[in-house]
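Peer 1: Would you mind keeping the following structure in view while I ask a few things?
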Amino acid sequence: MPDALSRRDFLASAAVGLAASAAVDIPHAMRPPRPLPPPSRWAARPVVISSGNGLRAVQKAFDMIMQGADTLDAVIEGVKIQELDPKDNSVGYGGLPNADGVVQLDASCMHGPTRRAGAVGCLEGIKTPSEVAKLVLKYTNHIFLVGEGAKKFALSYGFKEEDLLTPESREAWLHWRANLNPNDNYLDLPDTMSVVVQAPTGTINCDAVTPQGDLSSVTTTSGLAWKIPGRVGDSPIVGAGEYCDNDAGAAGSTGRGESNIMVCGGFLTVEHMRRGMKPTDACLETLRRVVTLSEKRLLTADGKPRYQLNFYAINKRGEYGAASLYPSHFAIHDGTQAKLQDTAHLYDTPAAND
Ligand code: ASP
901 MPDALSRRDF LASAAVGLAA SAAVDIPHAM RPPRPLPPPS RWAARPVVIS
951 SGNGLRAVQK AFDMIMQGAD TLDAVIEGVK IQELDPKDNS VGYGGLPNAD
1001 GVVQLDASCM HGPTRRAGAV GCLEGIKTPS EVAKLVLKYT NHIFLVGEGA
1051 KKFALSYGFK EEDLLTPESR EAWLHWRANL NPNDNYLDLP DTMSVVVQAP
1101 TGTINCDAVT PQGDLSSVTT TSGLAWKIPG RVGDSPIVGA GEYCDNDAGA
1151 AGSTGRGESN IMVCGGFLTV EHMRRGMKPT DACLETLRRV VTLSEKRLLT
1201 ADGKPRYQLN FYAINKRGEY GAASLYPSHF AIHDGTQAKL QDTAHLYDTP
1251 AAND
């Protein structure tokens, strides 16, 4: 945790954020932005945390929070930057496809103030699954829509169906397919991307607390590259990919989803904080449970995981932390500036290839 922020620094940074961001148009806003109470009446230090690819997300969400936006509206608009970026091949548009060459997207979110949740899985043709998850949360009596139904639902709210494969992600998939079996009829393409050995993963999680102490969480992903069509990981599973309880905290995860699902890691991390653990300790404790529950095939001879998993957490007071199995980093805006910090970790060296 960084040193406590001086009130002057905080206000200076907040003012910069306010000046820097134009008034935001928030699609399907949970509520319109409203003036913040004076800092003397703030219940929490406003903070936005995200995975290492979320530097722009934390900046955007923090600026919106300082403009009085709702906590969920802020994090959704933050992660949408990544979803819409064709260069991020782990999320939304440009995400790496499944084994059939089809991009299937997953997302879930929770809104502390209303105690609601929304999620979509295996969503095809829509660039911003986080936004669709928010619509499920806001406009339905359900929590989780998948596949065709999720797409139809999105189209009914005016979303456009689009081809989510970029030339780069298509080429990466063709390259993977050509290397599956040396005896099949597919020839390899020029080796422009090194994506073959280990299926790449990637995701963005973002969690926020406002000055009023209101929390929210969102996680969005294209999931494991080359997955079996229909596979969903942890990201769209409320309680695994993310979880938020307005009385305790919010947490989310990136990395090997199957390992997180086994421990309901988002929920478990928030429960650790509810019982008084600091966010970093809560994340580390969840990771220890993950390792304990790992099948033998997923561990090296010396008992280290053969995969990476990360947790990010904030509590109701605006304290934050993150931890990984192996060294990694996370994005944070704590009122000074958007920056990357190292995660705490359980193991120093990557798993040996034994
Ligand atoms: N957790 C995501 C999944 O398993 C992937 C990732 O974060 O890299 O779908």
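Adding 900 to a residue's 1-based position in the sequence shown gives its number in our numbering.
Note that the Cβ used here is the ideal one computed from N, Cα and C, for glycine as well.
Anyone know if the C-beta pair for Thr1103 and Val1190 falls short of 8 Å?
Peer 2: no
Peer 1: Hey, how far is the Cα of Gln1112 from the Cα of Asp970?
Peer 2: 10 Å
Peer 1: How many whole angstroms separate the CB atoms of Ala1108 and Ala944, which I take to be in contact at a CB cut-off of 8 Å?
Peer 2: Actually they do not touch by this definition, with Cβ atoms about 10 Å apart.
Peer 1: Which residue's Cα is closest to the Cα of Glu1068: Glu1031, Ser1008, Gly995?
Peer 2: Distances from the CA of Glu1068 to each of Glu1031, Ser1008, Gly995 were compared; the closest alpha carbon is that of Gly995.
Peer 1: Whole angstroms is fine: what's the gap from Met930's alpha carbon to Phe1211's?
Peer 2: 26 Å
Peer 1: Given the structure, does Arg956 come close to ligand 1, in the sense that its CB is under 7 Å from one of the ligand's heavy atoms?
Peer 2: no
Peer 1: For Asp1202, which beta-bridge partners are listed by DSSP?
Peer 2: Paired residues: none, contrary to the question.
Peer 1: How long is the line joining the alpha carbons of Thr1236 and Gln959, rounded to whole angstroms?
Peer 2: Here the alpha carbons of Gln959 and Thr1236 stand approximately 11 Å from one another.
Peer 1: Check whether the segment 1119–1134 and the segment 1157–1171 are in contact - that is, three or more C-beta pairs closer than 8 Å.
Peer 2: yes
Peer 1: Comparing the CB of Leu1124 with every heavy atom of ligand 1, is any distance shorter than 7 Å?
Peer 2: Yes - ligand 1 has a heavy atom lying nearer than 7 Å to the Cβ of Leu1124.
Peer 1: So, His1011 versus Leu1035, is the Cβ gap smaller than 8 Å?
Peer 2: no
Peer 1: Just to check, is the beta-carbon of Ser1135 closer than 7 Å to a non-hydrogen atom of ligand 1?
Peer 2: yes
Peer 1: Checking 8 Å against the spacing of the C-beta atoms, do Ile1214 and Ala1150 come in under that value?
Peer 2: Against a cut-off of 8 Å, the Cβ pair of Ala1150 and Ile1214 comes out as a contact.
Peer 1: Answer yes or no: the CB of Gly1102 versus the heavy atoms of ligand 1, is any distance below 7 Å?
Peer 2: yes
Peer 1: Looking at C-alpha atoms only, which residue of Gly1018, Arg1206, Asn1085, Cys1022 is the closest neighbour of Glu1048?
Peer 2: Cys1022
Peer 1: Excluding the 5 residues preceding and the 5 following Leu955 in the sequence, name in chain order all residues of the same chain whose CB lies nearer than 7 Å to its CB.
Peer 2: In chain order, Ala1231, Ala1238, Leu1240 place their CB closer than 7 Å to the CB of Leu955, counting only its own chain and leaving out the 5 sequence neighbours on each side.
Peer 1: Tell me which same chain residues have a C-beta within less than 6 Å of the C-beta of Asp1242, skipping the five on either side of it?
Peer 2: Cβ neighbours of Asp1242 beyond the five flanking positions: His1229.
Peer 1: Tell me the start and end of each unbroken beta strand (DSSP E) in the segment 960–988 that is at least 3 residues and wholly inside, in chain order.
Peer 2: none
Peer 1: Report yes or no: do three or more beta-carbon pairs, one from the segment 1173–1180 and one from the segment 1070–1081, lie closer than 8 Å?
Peer 2: no
Peer 1: Alpha carbon to alpha carbon, how far is Tyr1039 from Ser1056?
Peer 2: 12 Å
Peer 1: Bridge partners for Met1010 per DSSP, in chain order?
Peer 2: Ala1017, Ser1117
Peer 1: What would DSSP say about Asn1081, mapped onto helix, strand or coil?
Peer 2: coil
Peer 1: Using the C-alpha atoms, what's the distance from Leu1209 back to Pro986?
Peer 2: Roughly 24 Å between the two C-alpha positions.
Peer 1: Would you kindly work out how many angstroms separate the C-alpha atoms of Arg1206 and Leu1193, rounded to a whole number?
Peer 2: 13 Å
Peer 1: Compute the beta-carbon to beta-carbon distance between Glu983 and Ser951, rounded to the nearest angstrom, for a pair I have assumed lies under 8 Å.
Peer 2: Not really, about 13 Å apart at Cβ, beyond 8 Å.
Peer 1: Apply the 10 Å Cβ neighbour rule to Ser1224 and answer buried if 16 or more other Cβ atoms are within range, or exposed otherwise.
Peer 2: buried
Peer 1: How is the alpha helix (DSSP H) around Ala1054 delimited, first residue to last?
Peer 2: 1047–1056
Peer 1: The alpha helix (DSSP H) with Ser990 in it runs from where to where?
Peer 2: No alpha helix (DSSP H) holds Ser990; DSSP gives it neither H nor E.
Peer 1: What three-state label does DSSP hand Thr1154 in the structure shown?
Peer 2: strand
Peer 1: Here's a check: name, in chain order, each residue in its chain whose Cβ is nearer than 8 Å to the Cβ of Ile981, leaving out the five neighbours to either side.
Peer 2: Arg956, Ala957, Lys960
Peer 1: If I measure Cβ to Cβ from Gly1166 and keep anything under 7 Å in the same chain, skipping five residues before and after, which residues do I get?
Peer 2: Gly1139, Ala1140, Gly1141, Glu1142, Tyr1143, Ala1151, Gly1152, Ser1153
Peer 1: Rounding to the nearest angstrom, what Cα-Cα distance links Trp942 and Leu1115 in this structure?
Peer 2: 14 Å
Peer 1: Is any heavy atom in ligand 1 found nearer than 7 Å to the beta carbon of Arg1156?
Peer 2: Yes - ligand 1 has a heavy atom lying nearer than 7 Å to the Cβ of Arg1156.
Peer 1: Suppose contacts are defined by Cβ-Cβ distances below 8 Å. Is Val948 in contact with Gly978 by that definition?
Peer 2: Contact flag set, yes.
Peer 1: With respect to the beta strand (DSSP E) encompassing Glu1031, which residues constitute its N-terminal and C-terminal limits?
Peer 2: Not the beta strand (DSSP E): Glu1031 falls in the alpha helix (DSSP H), residues 1029–1039.
Peer 1: Looking at Gly968: is its Cβ nearer than 8 Å to the Cβ of Pro935?
Peer 2: Pro935 is positioned such that its CB atom lies closer than 8 Å to that of Gly968.
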